[in-house]
Structures are given as C-alpha cells and as structure tokens.
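Asks: Residues in the sequence shown are numbered consecutively from 1, following UniProt numbering. Even for Gly, the Cβ is constructed at its ideal location relative to N, Cα and C.
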Amino acid sequence: MPASRLAVCAAALALFLPAAVAAQALASPGSTATLNTATTRAAFDAWAAGQASVFDLLAEDVVWTVAGTSPVSGTYRSRADFMERAVAPISSRLATPIVPQVEAVIAQGDDVVVLWQGTATTRSGAPYANRYAWRMTFAEGAIVQVTAFLDTWALDAMMRSETRATRTAP
C-alpha cells in the first residue's frame, strides 16, 4: 500500500475507530479489504450515532449510480451533483435523518458491499423504511464509485406522498 494511501486511511480510521482497532486493521494480512471493511463499518456507526455520514468518505469526483426507476435514479459524476440532485430531494422530505442499521459488510480488496436497512420519519409524520445494497469502490482512502440498489418503489411512494403533503400543508 503506498505511504500516502496508508496515511489517509490511518487518518480516516482515527476519526471513527479506537486506536487499537485501527492499528490491527492496518497491520493484518489482506489489509486492504480489512481496512475498507473497518472504514465502512466505522462510517456507518458514526452515521447511526448522528456524528458523521458515509457521504463524508466520497471523493469529489465519485461516480454514484442509483439503480432502478425512482425520481433520483441515474448516474451522478461528482459528490456535489449527487448530494444536490439525489440526497437533498430525499432529505427535504424527511423530518429525521435516515438511521442506518448494517446487516453485512463484504469486502474484497478495494471493493466493499454493504447491506443495510434505514429508517426515518417523513415530514408528515409517516415512517419511512428501506433496504439497501451498496457496492462501493475505495481508492486512496476515499469512495470513488458506488452502485446503490434499494426499493425504488418505496422511495418513489415516499417522495410522491411527501410532495403532496407539502403542497396541502397550511
């Protein structure tokens, strides 16, 4: 692993993990997969605790694809574009942030698949729940590519319902 990447990964881990866990991830055989797994788990744990977000790990030039036919499905070619055109429209319809619960993290080298479910409350007070499978590729400690699979029908129903609720609110 190049020294610059090791430094970036160590710094990222230091934000999320106790020092002993970070040192073990960096020292173990097959450390790329181990490090990426630890980084992913730590980022999701911080997100669930309301301290940070997995989106903080995105490279500025990330390529993020949302599979399916939801209002936010498509390919985004930068962090800013993804946050503005995909994350913001979803977040604007929620009264609470999505709280993730990780079911599994599977890594091979720079590729990580995380299976998780998320829950939130919409602005109208309705519950929102979805299940996700994200395939992420890491480079130099940052996420550079993601393909996100989710229940796009549930997302679409929530977005349509909340758009109507916003229009009819006093």
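Pairing CB atoms from the segment 76-91 with CB atoms from the segment 104-118, are three or more of them under 8 angstroms?
Replies: Taking 8 angstroms as the limit for Cβ pairs, the verdict is that the segment 104-118 does not touch the segment 76-91.
Asks: Going by CA-CA distance only, name the one from N36, R131, T34 and V62 that's closest to Q145.
Replies: Along the sequence shown, one-based indexing puts residue 145 at 145. Residue V62 is the option with its Cα nearest to Q145.
Asks: Shortest alpha-carbon distance to A43 belongs to which of T69, A67, P89 and W116?
Replies: Along the sequence shown, one-based indexing puts residue 43 at 43. Among T69, A67, P89 and W116, the Cα nearest to that of A43 is on W116.
Asks: Among T37, G141 and A157, which one has its Cα closest to the Cα of T59?
Replies: By one-based count along the sequence shown, residue 59 stands at place 59. Looking at the sequence itself, residue 59 is Ala, so the reference to Thr does not match. Of the candidates T37, G141 and A157, the one whose C-alpha sits nearest the C-alpha of A59 is G141.
Asks: Thinking C-beta only, is T119 closer than 8 angstroms to L94?
Replies: Position 94 of the sequence shown, counted from the start, is the residue given in the question as residue 94. Position 119 of the sequence shown, counted from the start, is the residue given in the question as residue 119. The answer is no: Cβ separation not under 8 angstroms.
Asks: Based on Cα-Cα distance, which residue from V105, P100 and W153 lies nearest to R135?
Replies: Sequence index remark: in the sequence shown, residue 135 carries index 135 (1-based). Closest option to R135, Cα to Cα, is V105.
Asks: Helix, strand or coil, according to DSSP, for I98 in the structure here?
Replies: The residue given as residue 98 occupies position 98 in the sequence shown. In this structure, I98 counts as coil in the three-state DSSP scheme.
Asks: Indicate whether P100 and M159 have their beta-carbon atoms separated by less than 8 angstroms.
Replies: Residue mapping note: residue 100 aligns to position 100 of the sequence shown, counting from 1. Residue mapping note: residue 159 aligns to position 159 of the sequence shown, counting from 1. No.
Asks: Got a sec? Which residues, its chain only, sit under 6 angstroms from T147 by beta carbon, not counting five neighbours each side?
Replies: Locating residue 147 in the sequence shown gives position 147, where the first residue counts as 1. Contacts found: T65 and R135.
Asks: Where are the beta strand (DSSP E) runs, 3 residues long or more, that stay fully inside the UniProt domain "SnoaL-like" (41-145), in chain order?
Replies: As far as the UniProt domain "SnoaL-like" (41-145) is concerned, its whole beta strand (DSSP E) runs of at least 3 residues are 58-66, 74-76, 99-108, 111-121 and 127-139.
Asks: Less than 7 angstroms between C-beta atoms, sequence neighbours within five positions excluded: which residues of the same chain meet that for V54?
Replies: For the purposes of this step, residue 54 is identified with residue 54 of the sequence shown, where counting begins at 1. Taken in chain order, the residues that qualify are A43, F44 and W47.
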